[in-house]
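Number of protein chains: 2
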Amino acid sequence: MSTIHDVARLAGVSIGTVSRVLSGNPATSPESRERVREAALRLGYTPNARAQSLRLARTGVIGLSISDVRNPFFADAAHGAEQEALAAGRVTMLANADEDSAIEARYLRAFRAQRVDGVLMSPQGGSAEGARSLVEAGIPVVLLNRTLDGVDAPVVTFDVRQGVEQAITHLRDRGHRRIGLIAGPVSVSTGRARVSAFERIRDELGLDPAPELVQLADGRRGGGADAAERLLALSPAPTAVLSSNALMSSGAFEAIRGRGAAVELVSFDDQDWMRLVDPPLSVIEQDAAHMGAVAMRLLLELIDGGHPRSVTLPTRLIPRG
Amino acid sequence: MSTIHDVARLAGVSIGTVSRVLSGNPATSPESRERVREAALRLGYTPNARAQSLRLARTGVIGLSISDVRNPFFADAAHGAEQEALAAGRVTMLANADEDSAIEARYLRAFRAQRVDGVLMSPQGGSAEGARSLVEAGIPVVLLNRTLDGVDAPVVTFDVRQGVEQAITHLRDRGHRRIGLIAGPVSVSTGRARVSAFERIRDELGLDPAPELVQLADGRRGGGADAAERLLALSPAPTAVLSSNALMSSGAFEAIRGRGAAVELVSFDDQDWMRLVDPPLSVIEQDAAHMGAVAMRLLLELIDGGHPRSVTLPTRLIPRG
DNA sequence: TCCCCGCTCGGAAACGTTTCCACGTGCGCC
DNA sequence: GGCGCACGTGGAAACGTTTCCGAGCGGGGA
Chain P
1 MSTIHDVARL
11 AGVSIGTVSR
21 VLSGNPATSP
31 ESRERVREAA
41 LRLGYTPNAR
51 AQSLRLARTG
61 VIGLSISDVR
71 NPFFADAAHG
81 AEQEALAAGR
91 VTMLANADED
101 SAIEARYLRA
111 FRAQRVDGVL
121 MSPQGGSAEG
131 ARSLVEAGIP
141 VVLLNRTLDG
151 VDAPVVTFDV
161 RQGVEQAITH
171 LRDRGHRRIG
181 LIAGPVSVST
191 GRARVSAFER
201 IRDELGLDPA
211 PELVQLADGR
221 RGGGADAAER
231 LLALSPAPTA
241 VLSSNALMSS
251 GAFEAIRGRG
261 AAVELVSFDD
271 QDWMRLVDPP
281 LSVIEQDAAH
291 MGAVAMRLLL
301 ELIDGGHPRS
311 VTLPTRLIPR
321 G
Chain D
322 MSTIHDVARL
332 AGVSIGTVSR
342 VLSGNPATSP
352 ESRERVREAA
362 LRLGYTPNAR
372 AQSLRLARTG
382 VIGLSISDVR
392 NPFFADAAHG
402 AEQEALAAGR
412 VTMLANADED
422 SAIEARYLRA
432 FRAQRVDGVL
442 MSPQGGSAEG
452 ARSLVEAGIP
462 VVLLNRTLDG
472 VDAPVVTFDV
482 RQGVEQAITH
492 LRDRGHRRIG
502 LIAGPVSVST
512 GRARVSAFER
522 IRDELGLDPA
532 PELVQLADGR
542 RGGGADAAER
552 LLALSPAPTA
562 VLSSNALMSS
572 GAFEAIRGRG
582 AAVELVSFDD
592 QDWMRLVDPP
602 LSVIEQDAAH
612 MGAVAMRLLL
622 ELIDGGHPRS
632 VTLPTRLIPR
642 G
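Here you go:
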């Protein structure tokens with residue numbers, strides 16, 4: 001692959017001139033511009049971004065670490081973030097932590113070694129170490145959807161209390177008094193927050209406070225199914241269930257239907273299939289793509305020397321069935 | 322952020338020694354090793370990967386460009402590929418082309434500028450230019466799921482003929498004679514291949530050859546719904562429909578149900594919701610994660626000097642309902 | 001006529017690594 | 001008791017850029 005020296009030789013100028021022409025520096029003659037452009041084209045020259053960023057301080061690359069690409073919520077968030085970065089002329093390097101903090105740590109180390117301009121991440125439960133070391137190394141970090149104790153970085157989250165309240169009020173209005181919760185893992189902040197919001201609002205509305213109505217799960221499909229089974233085995237079983245994410249909802253839906261139980265299921269996150277099943281699911285919509293875009297904007301501001309700020313986004317109830 | 326010079330100074334040795342210790346070169350004394358390790362730890366030193374790769378030829382980064390992260394088929398493929406790369410000690414840089422060849426071109430340029438070790442891509446329809454320029458620049462490329470005319474790179478695909486045959490035979494066995502096809506865009510190779518396989522097998526089995534039973538769509542949800550509407554408007558309407566991807570299937574399913582039509586829908590790609598709806602969808606399963614892993618393995622071989630080879634993977638019919 | 005200024009340009013330093021080369025130093029062997 | 005060899009180390013070159021600095025050259029004003 002050709003270098004700036006090859007271009008300089010072919011154009012009959014110095015490498016300084018080539019660099020100036022190609023970077024749009026006005027201190028060049030029309031003649032040099034012509035010769036350099038021509039030579040670069042002939043050679044199919046692409047500047048070596050690694051050498052550039054060694055000399056410059058910036059790399060133009062932003063690290064984006066998400067929990068799981070296969071979770072549509074995060075896929076949407078990644079997409080939103082990426083579009084925003086692209087519009088700002090930056091390129092995104094997506095890492096998939098797979099809900100595994102060892103893999104996450106590995107990618108974060110890679111981000112650090114690559115000296116990315118900034119990192120946008122939805123942290124894993126395991127440990128805050130990875131994020132903290134980035135912050136301490138002076139790399140701008142913005143957290144996505146989940147907070148992390150002891151890490152000084154802005155966060156973009158949804159209003160958990162609002163979402164839970166919309167769901168429970170909706171169910172209460174439909175006559176339910178005994179409502180179950182399938183909660184995400186307490187190792188992530190969203191999981192914990194949903195449980196405490198659920199308990200508070202349930203009590204405020206005077207609904208059945210039985211502790212066994214809150215079932216913890218791992219956030220995956222199978223975990224959702226298992227938690228639903230546990231709820232259905234209670235006597236009396238709840239008449240309605242709130243599920244904390246789309247994956248668990250699909251497991252829970254199948255378990256409930258498999259038992260032929262008459263339980264109303266409400267889910268966080270809206271997905272196509274929730275409209276297609278019978279009965280369709282009411283959902284608490286969280287606009288993941290928007291969250292990603294907002295977070296990326298915050299990160300870009302931070303990179304450009306702005307000061308950190310966090311954002312909380314609203315949720316929306318979509319009643320169905 | 323500290324450099325190798327800082328570590329050398331703190332440890333009281335030369336930068337050469339630091340480099341040797343940290344890269345595991347045996348020509349170092351136990352005493353130096355100790356001092357350097359200690360100093361590196363104290364400073365939180367992480368080698369600058371960009372400087373390393375400038376000196377070395379390798380970067381340890383592999384570019385992965387996929388059509389759309391939000392399409393679960395590609396999300397799974399990306400995940401499979403990523404895991405495989407991770408196991409081989411490489412880090413993956415995921416680009417989301419968003420089914421847009423301008424964005425794809427931009428990412429491919431970035432990959433080239435970054436001098437990634439290789440590129441795994443599921444190409445967009447628009448143009449083969451991006452892929453071709455990578456190949457010409459000597460960067461190893463493997464194509465994922467879609468071929469590209471005029472580009473000399475190995476491909477990993479599913480056996481289109483087999484998949485279509487499984488689907489049509491299944492429907493024939495269930496008594497259908499008039500079968501519709503919702504095809505993906507003819508701008509991508511898979512779209513074209515499915516149409517021609519469909520026509521051939523339909524004729525081999527002596528089924529209704531009416532050309533209006535093949536409806537082209539854009540591969541998205543809305544396109545699938547529109548194509549289904551067009552099929553349902555025929556008289557007589559087909560009694561069964563084969564849909565070329567999961568997104569279009571979801572649109573088609575909704576359209577069919579909305580009309581209350583008695584049409585049996587079979588879909589390419591298996592997804593959770595297809596089991597949850599009523600009636601459940603029979604599917605032609607294509608193990609996308611496996612495809613991604615296989616393709617990554619081919620790419621890694623190619624990078625290590627192996628010679629190019631293509632792979633065709635089998636599909637599997639999962640009858641339901 | 002001379003000087004100064006502006007416009008281009010070439011040369012060189014610097015970014016942070018790795019690795020080759022050469023230079024001690026201490027030991028074993030004849 | 002010398003000689004050579006293995007071992008550890010420091011210095012320097014090289015990777016491909018950008019940018020600063022200084023120089024050449026022409027033109028315009030005093």
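Chains P and D, in that order, are what the protein sequence lines are.
By our numbering, the letter at position 129 of the first sequence is numbered 129, and the numbering carries on one by one without gaps.
Take any residue in the second sequence, count from 1 to its spot, add 321: that is its number in our numbering.
Every residue, glycine too, gets a C-beta built ideally from N, C-alpha and C.
Bear in mind the structure is a predicted one, so any value in this text is a computation, not a measurement.
If the cut is a Cβ gap below 8 Å, which residues of chain D does P:Ile-323 touch?
-> In the structure as shown, chain P starts at 1 and stops at 321, and residue 323 of chain P therefore has no counterpart that could be examined.
Could you tell me the distance, in whole angstroms, from the CA atom of P:Pro-26 to the CA atom of P:Arg-20?
-> Numbered from 1 along the first sequence, position 26 holds the residue referred to as residue 26 of chain P. Numbered from 1 along the first sequence, position 20 holds the residue referred to as residue 20 of chain P. Near 8 Å, if we compare the C-alpha coordinates of P:Arg-20 and P:Pro-26.
At 9 Å on the CB atoms, spell out the chain P contacts of D:Pro-393, in chain order.
-> Stepping through the second sequence from its first residue, residue 393 of chain D is reached at position 72. Within 9 Å Cβ-Cβ: Arg-70, Pro-72 and Ala-75.
With 16 other Cβ atoms within 10 Å as the buried cut-off, status of D:Glu-533 | For the purposes of this step, residue 533 of chain D is taken as residue 212 along the second sequence, with counting starting at 1. Result: exposed.
D:Gln-435: contacting residues in chain P (beta-carbon distance under 7 Å) | What you label residue 435 of chain D is simply residue 114 of the second sequence in a count that begins at 1. Here the neighbours are Ala-49 and Arg-50.
What three-state label does DSSP hand D:Ala-561 in the structure shown?
-> Counted from its first residue, the second sequence places residue 561 of chain D at position 240. Strand, per DSSP.
Taking 8 Å as the cut-off, decide whether the C-beta atoms of P:Ala-128 and P:Val-141 are in contact.
-> Stepping through the first sequence from its first residue, residue 128 of chain P is reached at position 128. Stepping through the first sequence from its first residue, residue 141 of chain P is reached at position 141. Contact: no.
Residues near P:Arg-37 by beta carbon distance below 8 Å, same chain, minus five either side = The count along the first sequence starts at 1 and reaches residue 37 of chain P at position 37. The answer, listed in chain order, is Val-21.
Following the continuous alpha helix (DSSP H) through P:Val-164, name the residue where it begins and the one where it ends.
-> Locating residue 164 of chain P in the first sequence gives position 164, where the first residue counts as 1. Counting along the chain, the alpha helix (DSSP H) containing P:Val-164 begins and ends at 160-173.
Which value, in whole angstroms, describes the spacing of the CA atoms of D:Thr-511 and D:Asp-389?
-> In the second sequence, the residue the question calls residue 511 of chain D occupies position 190. In the second sequence, the residue the question calls residue 389 of chain D occupies position 68. Approximately 15 Å between the Cα atoms of the pair.
Using 10 angstroms around the beta-carbon of P:Ala-240, count the other beta-carbons present and answer buried if the total reaches 16, otherwise exposed.
-> Position 240 of the first sequence, counted from the first residue, corresponds to residue 240 of chain P. Result: buried.
Three or more C-beta pairs below 8 Å linking the stretch 80-90 of chain P and the stretch 285-302 of chain P = yes
Integer Cβ distance of D:Arg-641 from D:Arg-596, believed to fall under 8 Å = Residue numbering aside, residue 641 of chain D sits at position 320 when the second sequence is read from its first letter. Residue numbering aside, residue 596 of chain D sits at position 275 when the second sequence is read from its first letter. With 8 Å as the limit, D:Arg-641 and D:Arg-596 qualify as a contact, their Cβ atoms being about 7 Å apart.
With D:Arg-637 as the anchor, note down where its beta strand (DSSP E) starts and where it stops.
-> Counted from its first residue, the second sequence places residue 637 of chain D at position 316. It spans 637-639 - the beta strand (DSSP E) in which D:Arg-637 sits, taken as one unbroken run.
With DSSP collapsed to three states, give me the class of D:Gly-626.
-> Position 305 of the second sequence, counting from 1, holds the residue named residue 626 of chain D. D:Gly-626: coil per DSSP, three-state reduction.
Which residues, taken in chain order from the stretch 178-189 of chain P, show a beta carbon closer than 8 Å to some beta carbon of chain D?
-> none
Anything in chain P within Cβ reach of D:Met-322, meaning under 8 Å, just list it in chain order.
-> Reading the second sequence from its first residue, position 1 is the one you call residue 322 of chain D. Chain P residues near D:Met-322: Arg-115, Ala-137 and Gly-138.
Where do the N-terminal and C-terminal ends of the alpha helix (DSSP H) with P:Thr-190 fall, by residue?
-> Within the first sequence, numbered from 1, the residue matching residue 190 of chain P stands at position 190. Start and end: 189-204.
Using a Cβ cut-off of 8 Å (strictly closer), state whether D:Arg-542 contacts chain P.
-> The residue given as residue 542 of chain D occupies position 221 in the second sequence. Chain P, which has a Cβ nearer than 8 Å to the Cβ of D:Arg-542, makes this yes.
Hey, out of D:Ala-558, D:Asp-625, D:Phe-432 and D:Asn-392, whose CA is closest to D:His-497's CA?
-> For the purposes of this step, residue 497 of chain D is taken as the residue at position 176 of the second sequence. Among D:Ala-558, D:Asp-625, D:Phe-432 and D:Asn-392, the Cα nearest to that of D:His-497 is on D:Ala-558.
Reducing DSSP to helix, strand and coil, say where D:Met-322 ends up.
-> If you number the second sequence from 1, residue 322 of chain D lands on position 1. D:Met-322 falls in the coil class under three-state DSSP.
Kindly indicate if chain P contains any beta-carbon less than 8 Å away from that of D:Ala-399.
-> Along the second sequence, read from residue 1 onward, the residue named residue 399 of chain D stands at position 78. It does: the Cβ of D:Ala-399 has a partner Cβ on chain P nearer than 8 Å.
Where P:Gln-215 sits in the DSSP three-state scheme = Taking the first residue of the first sequence as position 1, residue 215 of chain P is located at position 215. Looking at P:Gln-215 - three-state DSSP - the assignment turns out to be strand.
Is D:Asp-421 close to chain P, meaning its C-beta is less than 8 Å from at least one C-beta of that chain?
-> Numbered from its first residue, the second sequence carries residue 421 of chain D at position 100. So, not an interface residue.
Quick one: grab the DSSP three-state call for D:Gly-384.
-> As a working mapping, residue 384 of chain D is identified with position 63 in the second sequence. Here D:Gly-384 sits in strand by DSSP.
Which residue or residues does DSSP assign as beta-bridge partners of P:Thr-92?
-> The residue given as residue 92 of chain P occupies position 92 in the first sequence. P:Ile-62, per the DSSP bridge assignment.
Since D:Thr-338 is in the alpha helix (DSSP H), which residue starts that stretch and which ends it?
-> Here residue 338 of chain D refers to the residue found at position 17 of the second sequence. 336-343 is the span of the alpha helix (DSSP H), which, as asked, contains D:Thr-338.
How is the beta strand (DSSP E) around P:Ser-282 delimited, first residue to last?
-> Position 282 of the first sequence holds residue 282 of chain P. Segment 282-285, the beta strand (DSSP E) holding P:Ser-282.
Spell out whether any CB of chain P is found under 8 Å from the CB atom of D:Met-612.
-> Against the second sequence, residue 612 of chain D aligns to sequence position 291. No, no contact with chain P.
Same chain only: Cβ atoms within 8 Å of P:Gln-162, ignoring 5 sequence neighbours per side | Taking the first residue of the first sequence as position 1, residue 162 of chain P is located at position 162. Result list for P:Gln-162: Pro-314 and Thr-315, in chain order.
Determine, using beta carbons only, whether D:Thr-633 and D:Thr-490 come nearer to each other than 8 Å.
-> On the second sequence, position 312 is the one that residue 633 of chain D refers to. On the second sequence, position 169 is the one that residue 490 of chain D refers to. No, the pair does not count as a contact, with Cβ atoms beyond the cut-off.
Pick out the complete beta strand (DSSP E) segments inside the stretch 91-147 of chain P, 3 residues or longer, and give them in chain order.
-> 91-96, 118-121 and 141-144
List the whole-angstrom C-beta distance separating D:Gly-572 from D:Gly-543, where the pair is believed to meet the contact cut-off of C-beta under 8 Å.
-> As a first step, residue 572 of chain D must be located in the second sequence, where it is residue number 251. As a first step, residue 543 of chain D must be located in the second sequence, where it is residue number 222. Confirmed, about 6 Å.
Are at least three pairs of beta-carbons, each pair with one atom in the stretch 409-416 of chain D and one in the stretch 82-96 of chain P, less than 8 Å apart?
-> yes
Output, in chain order, the set of chain P residues within a Cβ distance shorter than 8 Å of D:Gly-365.
-> Position 44 of the second sequence, counted from the start, is the residue given in the question as residue 365 of chain D. Ser-133, Glu-136 and Ala-137, listed in chain order.
Where D:Ser-353 sits in the DSSP three-state scheme | To locate residue 353 of chain D, count along the second sequence from 1; it is residue 32. Three-state result, D:Ser-353: helix.
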